[in-house]
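Chains A and B supply the protein sequences, listed in that same order.
With the numbering used here, the residue at position 6 of the first sequence is 6, and numbering never jumps.
With the numbering used here, the residue at position 79 of the second sequence is 79, and numbering never jumps.
First the structure, in the form of structure tokens, and then the observations on it.
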Amino acid sequence: AQKITQTQPGMFVQEKEAVTLDCTYDTSDQSYGLFWYKQPSSGEMIFLIYQGSYDEQNATEGRYSLNFQKARKSANLVISASQLGDSAMYFCAMREADPGAGSYQLTFGKGTKLSVIP
Amino acid sequence: KAGVTQTPRYLIKTRGQQVTLSCSPISGHRSVSWYQQTPGQGLQFLFEYFSETQRNKGNFPGRFSGRQFSNSRSEMNVSTLELGDSALYLCASSLEAASEQYFGPGTRLTVT
């Protein structure tokens with residue numbers, strides 16, 4: 001089973017409107033982290049926002065907010081007041097610990113391509 | 001502070017050759033992770049290094065290897081290249097293993 005599921009391959013949003021990108025995850029760990037990254041056509045992955053599994057409040061970073069619903073295992077990204085520069089691929093990722101290795105790794109979803117329309 | 005840098009940015013190799021990619025993390029970051037991104041498989045974890053030790057490895061064949069130097073710079077090597085190794089290889093660094101990972105611009109490898 002996929003650990004991170006992003007069900008929207010592509011999304012369109014009008015400039016200045018808000019948009020929600022969906023992400024559901026699957027883990028049996030109690031401690032984990034959820035991330036959203038933006039990948040423009042240039043290829044670089046840009047860190048947007050982070051939510052820890054024990055954080056009680058939803059994370060916010062400027063125009064980005066993360067709608068974290070732990071019981072439903074969802075971590076949706078909300079972008080307010082969309083801008084043309086927001087057009088990119090967006091990836092949801094989960095960090096799980098590997099206690100034996102003392103290490104962590106990120107597992108990524110397949111991504112959502114967001115297109116902002118003028 | 002300078003970001004994560006990766007060299008080269010683009011590379012074209014022939015099947016059967018080997019290749020070495022380089023990654024310089026953000027100053028002070030000790031953890032470096034490598035990922036492979038392809039249209040079919042998406043982003044997949046290759047390995048993670050911390051203080052010159054490989055602590056975690058993804059599900060890739062032994063042709064994929066890496067190392068980390070004392071200054072935290074890391075290299076990954078792919079031997080006996082196959083067409084399916086064509087991908088964007090991303091390096092990410094973090095202060096500690098559990099911190100946010102910051103990615104470099106990637107190396108786009110094409111195997112012909």
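Virtual Cβ for every residue (Gly too), placed ideally from N, Cα, C.
These figures come from a predicted structure and were not determined experimentally.
Between which two residues does the beta strand (DSSP E) harbouring Thr5 (chain B) extend?
Counting along the chain, the beta strand (DSSP E) containing Thr5 (chain B) begins and ends at 5-7.
Which residues, in order along the segment 59-79 of chain A, keep a beta-carbon less than 7 Å from a beta-carbon of chain B?
Flagged: no residues at all.
Length of the line joining the Cα atoms of Glu168 (chain A) and Ile46 (chain A)
In the structure displayed, chain A extends from 1 to 118; residue 168 (chain A) sits before or after that span and is not available.
At the level of alpha carbons, what is the spacing between Gln6 (chain B) and Cys23 (chain B)?
Cα to Cα, Gln6 (chain B) sits roughly 5 Å from Cys23 (chain B).
To the nearest whole angstrom, what separates the beta carbons of Val116 (chain A) and Ser87 (chain A), a pair I think is in contact under 8 Å?
So it is a contact: roughly 5 Å between Cβ atoms.
Contact set between Gly85 (chain A) and chain B, taken where Cβ atoms lie within less than 9 Å:
Within 9 Å Cβ-Cβ: nothing; Gly85 (chain A) doesn't reach chain B, min ~17 Å.
Looking at the strands, I want to know which residues DSSP matches up with Leu114 (chain A).
According to DSSP, which records beta bridges pairwise, Leu114 (chain A) is partnered with A:Met11, A:Ala88.
What is the rounded straight-line gap between the Cα of Arg95 (chain A) and the Cα of Ser42 (chain A)?
Cα to Cα, Arg95 (chain A) sits roughly 24 Å from Ser42 (chain A).
With 8 Å as the limit, tell me which residues of the segment 91-108 of chain B have their beta carbon closer than that to any beta carbon of chain A; keep them in chain order.
The residues in question are Ala92, Ala97, Ala98, Glu100, Gln101, Tyr102, Phe103, Gly104, Pro105, Gly106, Arg108.
Pull up the distance between the alpha-carbon of Lys13 (chain B) and that of Gly84 (chain B), whole angstroms please.
So the alpha carbons of these two residues sit roughly 12 Å apart.
DSSP state of Leu81 (chain B) mapped onto helix, strand, coil
Here DSSP, grouped into helix, strand and coil, assigns Leu81 (chain B) to coil.
Taking just the CA atoms, how far does Tyr104 (chain A) sit from Asn56 (chain B)?
The alpha-carbon atoms of Asn56 (chain B) and Tyr104 (chain A) are separated by roughly 8 Å.
Does any CB atom of chain A fall closer than 8 Å to the CB of Phe45 (chain B)?
Contacts with chain A at 8 Å (Cβ-Cβ) include Phe45 (chain B).
Straight-line CA distance for Lys3 (chain A) to Gln83 (chain A)?
Straight-line Cα distance between these residues: approximately 30 Å.
6 Å Cβ shell around Val13 (chain A) - same chain, five flanking residues per side excluded:
Within the same chain, Val13 (chain A) has close Cβ partners Val19, Ser82, Val116.
Just verifying my parser: in three-state terms, what is the DSSP assignment at Ser31 (chain A)?
In the displayed model, Ser31 (chain A) falls within coil according to three-state DSSP, outside both helix and strand.
Any idea if Asn76 (chain A) is buried or exposed, counting beta-carbon neighbours within 10 angstroms, 16 or more meaning buried?
Label assigned to Asn76 (chain A): buried.
Under the three-state DSSP convention, the category Leu11 (chain B) falls into:
Three-state DSSP puts Leu11 (chain B) in a strand.
How would you call Lys38 (chain A), buried or exposed, if buried means at least 16 neighbouring beta carbons within 10 angstroms?
It counts as buried.
Helix or strand or just coil, what does DSSP make of Glu17 (chain A)?
DSSP, read as helix, strand or coil, puts Glu17 (chain A) in coil.
Contact criterion: CB-CB distance below 8 Å. Does Met45 (chain A) meet it with respect to chain B?
Interface residue, yes.
For the beta strand (DSSP E) holding Gln57 (chain A), just list the boundary residues, first then last.
Note, Gln57 (chain A): premise wrong, no beta strand (DSSP E); not H, not E.
If you follow the beta strand (DSSP E) that Asn67 (chain A) is in, where does it begin and where does it stop?
Run containing Asn67 (chain A): 64-69, per the beta strand (DSSP E) assignment.
Helix, strand or coil for Arg63 (chain B)? Go by DSSP, reduced to three states.
Arg63 (chain B) falls in the coil class under three-state DSSP.
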